[in-house]
Structures are given as structure tokens and as C-alpha cells.
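Numbering (our numbering), first residue to last: 81 to 304.
These notes are about the structure you will find just below.
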């Protein structure tokens, strides 16, 4: 964003060349430092009135302004990755009194109250500057699982789940299903046990819960 001023003396005409195909015949050109790639070696070839020429070079250093970013959105329990660029010295600050001097700090075991603006302050030859990145930590889905049992052998088993947009069931006897409310046509004793469902919400956050299915023989009338 700053203005670069190149200066040359000692001749009658000048040809400048430099990074990013820079070229001009102006004796003292001025132009904007677009980014760090604008920095580098600039060479001027000068010619005097009798046709003699020589070259000289000057090195331009372009420092970055800070850039703060993160890899979110995040779910509760995941790790927040903050990314910083453009400084020699880095200082982060954020919600819950967060502070760190690493360039790319990681915050483990995220909770919802860690959501908010994280401010990166960098110091280099251009002075002290800041940039901000917003972190979003989403809650886990409220996973609920149930069944309509207990059941007798050969009765249909009905499993129910809620709290998300997609579901993945697993259970005894190699049971699996991606339906929200799957059913099993006829119960048998090996189907007794715990059925787990993994629930995923619209933000991609995941939670698991379970329901216990009980199957009884239910043989009918018995003699006393």
C-alpha cells in the first residue's frame, strides 16, 4: 500500500527494470507497493550524452500488513486453528482472555463461548498493525434415541432418533442403518442389546447416543 520512489542520477536517459516485469524510462519513477512480490532488485541502465552507459541496482523491501484467518467453522470439542501472516512479531488476543505470541496458535477443546473476533497484532519494519478473524464454534446436536420396546420374539422393533439431518445406526447382530427411524421386521433374541446412533447436524457437528432394546421370549401361558 505504500509508495515506492526510485531515484537515479548521473546520465541523460534511464531504463528501469525490476520484479513483476517492471519497466520504465522515467528517471525517478513512483508506484504503489501492491504486495510483497513488488519487493526485490530494481536495476537502472543509464546513458550519457556521448552514448556511454552503465547500470546500478537498488534493493526494495516490501513488508506485509498482517492477515489473520482461521480454518472454521468449528464444533464443540474440536481444535481451533488460527493463522497469522505478515509480521516479525505476532500477538493474538480474543474471547475468554485468550492471548498467544505464536504465529499460528491452536486452541484445543473448543467451547461455544470461544466464538468471536480474534485480533492479530504484528510488528515489522512497517510498524505495528492489526487484523481480525471471526471464529464460530457451533454446539453439538442434541442427539436423542429411543425404541418402542420391550418386545416379544417375532415382534417388529422400531428405533427412533432425532436432533440432526443425517443418522447412522449400529447394533447387535451386525445391525446398521442410515434411516432416521429404522425398523426390524421380526425380533430374535440375538437382537437384544444396545443400539447406537450417530447424529450429524446441518453444520456438520456430530454426537452419539444409544437406546437399549429388550427382547423377551413371551412363550404364552405356562402351567403353575
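C-beta: ideal position from N, C-alpha, C; glycine also.
What are the partner residues of residue 140, as DSSP defines its beta bridges?
Answer is 120, bridged to residue 140.
In the DSSP assignment, find the unbroken beta strand (DSSP E) run with residue 207 in it and report its ends.
Residue 207 -> beta strand (DSSP E) spans 207–215.
Would you call the stretch 195–213 and the stretch 161–170 in contact, with 3 or more CB pairs under 8 Å?
Segments in contact, yes.
Please list the segments of the beta strand (DSSP E) lying wholly inside the stretch 223–247, counting only runs of 3 or more residues, in order along the chain.
224–227, 237–242
Round the Cβ separation of residue 218 and residue 153 to the nearest angstrom and send it over; I've been treating them as touching at under 8 Å.
That belief holds up - the Cβ atoms of residue 218 and residue 153 are roughly 6 Å apart, short of 8 Å.
Where do the N-terminal and C-terminal ends of the beta strand (DSSP E) with residue 260 fall, by residue?
Following the DSSP letters along the chain, one finds residue 260 in no beta strand (DSSP E), marked with neither H nor E.
Check whether the stretch 232–239 and the stretch 210–224 are in contact - that is, three or more C-beta pairs closer than 8 Å.
At 8 Å Cβ cutoff, the stretches do not touch.
So the candidates are 94, 118, 174; which of them puts its Cα closest to the Cα of residue 148?
For residue 148, the nearest C-alpha among the options comes from 174.
Anyone know if the C-beta pair for residue 294 and residue 230 falls short of 8 Å?
yes
What first and last residue would you give for the beta strand (DSSP E) that runs through residue 287?
286–293
Residue 305 to residue 258, Cα distance in whole Å?
With the chain covering only 81 through 304, there is no way to say anything about residue 305.
Nearest-angstrom Cα distance between residue 99 and residue 181?
If you draw a straight line from the Cα of residue 99 to the Cα of residue 181, it is about 33 Å long.
Within 10 Å of its beta-carbon, does residue 118 have 16 or more other beta-carbons around it, so buried, or fewer, so exposed?
buried
Taking residue 214 as the reference, which of 227, 204, 277, 193 has the closest Cα?
193
Taking 8 Å as the cut-off, does the stretch 204–213 touch the stretch 242–251 (at least 3 CB pairs, one atom from each stretch)?
no
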